[in-house]
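Participant: Heads up: the sequence shown begins at 1 in the UniProt record's numbering, then just goes up one per residue. Beta carbons are placed, not taken as given, at the ideal position from N, Cα and C, and that holds for glycine. All values reported here derive from a predicted model rather than from experimental measurement. This structure is in structure tokens; I'll ask about it shortly.
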Amino acid sequence: MNLVELPLLNQKISNSIISTTSNDLSNWSRLSSLWPLLYGTSCCFIEFASLIGSRFDFDRYGLVPRSSPRQADLILTAGTVTMKMAPSLVRLYEQMPEPKYVIAMGACTITGGMFSTDSYSTVRGVDKLIPVDVYLPGCPPKPEAIIDAIMKLRKKISRKIFEDKTVYQQENRCFTTNHKFYLRRSIHTGNYDQGLLYQSPSTSEIPFGFEKKKKKISNPKGQSIFLRISESGRVSSCIKIKSG
């Protein structure tokens with residue numbers, strides 16, 4: 001090969017060949033085709049549903065909604081997560097193939113929202129159940145904010161370095177085990193004045209007939225009078241008995 005032809009050859013090769021690494025190629029293909037699993041339990045999902053329309057058109061980002069967790073690599077939790085729905089959410093997350101990502105959408109999903117103070121059935125944050133990659137606050141967040149969260153997730157995926165699967169599982173991902181939920185007798189989640197809470201006594205603690213005292217009074221005519229006095233101090237009944 002003539003040395004004079006080398007610059008021309010290099011120019012043709014640079015215009016037709018893209019040099020990259022397997023890591024960048026896998027990240028590019030992954031961030032360009034995110035398949036989300038829609039998990040909507042409350043009003044935040046209405047805002048996400050508006051992305052499907054022609055105004056926002058989330059198909060331009062390569063998002064293809066899936067109904068099966070085995071075909072999805074992104075789960076978007078939109079709405080309140082209750083104790084009864086928590087095992088189902090964990091099961092769906094564990095059925096998704098690796099690598100998988102989570103976007104927590106809305107205040108109720110992130111911290112419990114308005115149910116975080118006195119609700120006995122609300123999970124205070126979905127990150128207690130599954131690991132979260134992007135937090136999207138709002139009540140509810142706008143569709144523009146959802147697109148911004150997806151773009152931030154795409155940037156995070158592009159910076160991810162491919163590692164060995166065992167190291168990846170041990171260091172970069174939190175895996176869940178069997179979740180067991182127990183019913184407690186009483187749950188106190190806030191600083192409440194216990195004196196304002198009425199607690200009805202059990203039937204075993206109620207005295208029979210509500211009788212507190214019996215008092216005998218004798219009159220000059222020789223008749224005995226028995227008075228039954230209740231706990232409030234009132235006379236509940238009066239019995240007259242003739243003597244002799």
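(1) Using a Cβ-Cβ distance under 9 Å, would S88 count as near chain D?
(2) Let's see if you can read the secondary structure: which residues bound the beta strand (DSSP E) around A78?
(3) Note down the Cα distance separating F45 from V102, rounded to an integer number of angstroms.
(4) Pull up the distance between the alpha-carbon of P141 and that of M105, whole angstroms please.
(5) Mind checking whether the beta-carbon of K142 lies closer than 8 Å to any heavy atom of the ligand PLP?
(6) State buried or exposed for M96, treating a residue as buried only when at least 16 other CB atoms are found within 10 Å of its CB.
(7) Could you have a look at P36 and say whether DSSP puts it in helix, strand or coil?
(8) Taking the straight line between their C-alpha atoms, what separation do you get for I110 and D133?
(9) Look up D164 in the DSSP assignment and say whether it is helix, strand or coil.
(10) Cα-Cα, which of L129, V81, P87, P143 is closest to M114?
(11) What residue range is occupied by the uninterrupted alpha helix (DSSP H) comprising V90?
(12) Anyone know if the C-beta pair for E47 and P143 falls short of 9 Å?
(13) What residue does the beta strand (DSSP E) around M105 start on, and which one ends it?
(14) Quick one: what does DSSP say T41 is sitting in, helix, strand or coil?
(15) Note the first and the last residue of the continuous beta strand (DSSP E) segment covering L136.
(16) Taking the alpha carbon of F58 as the reference point, which residue from S33, S68, C108, L92 has its own alpha carbon closest?
(17) Since I believe L74 is in contact with Y39 (beta carbons under 8 Å), could you give me their beta-carbon distance rounded to a whole number of angstroms?
Facilitator: Once the coordinates are examined:
(1) Structure shown: chain D not included; a single protein chain is present.
(2) 74 to 78
(3) 15 Å
(4) 7 Å
(5) For the ligand PLP, the structure offers nothing, since it holds no ligand at all.
(6) buried
(7) strand
(8) 12 Å
(9) Interpretation of D164 is limited by its pLDDT of 42, a score under 50 that renders its predicted location unreliable; the figure taken from the coordinates is listed afterwards. It is coil, neither helix nor strand.
(10) V81
(11) 86 to 95
(12) yes
(13) 101 to 105
(14) coil
(15) 134 to 136
(16) S33
(17) The Cβ separation is near 10 Å, so there is no contact.
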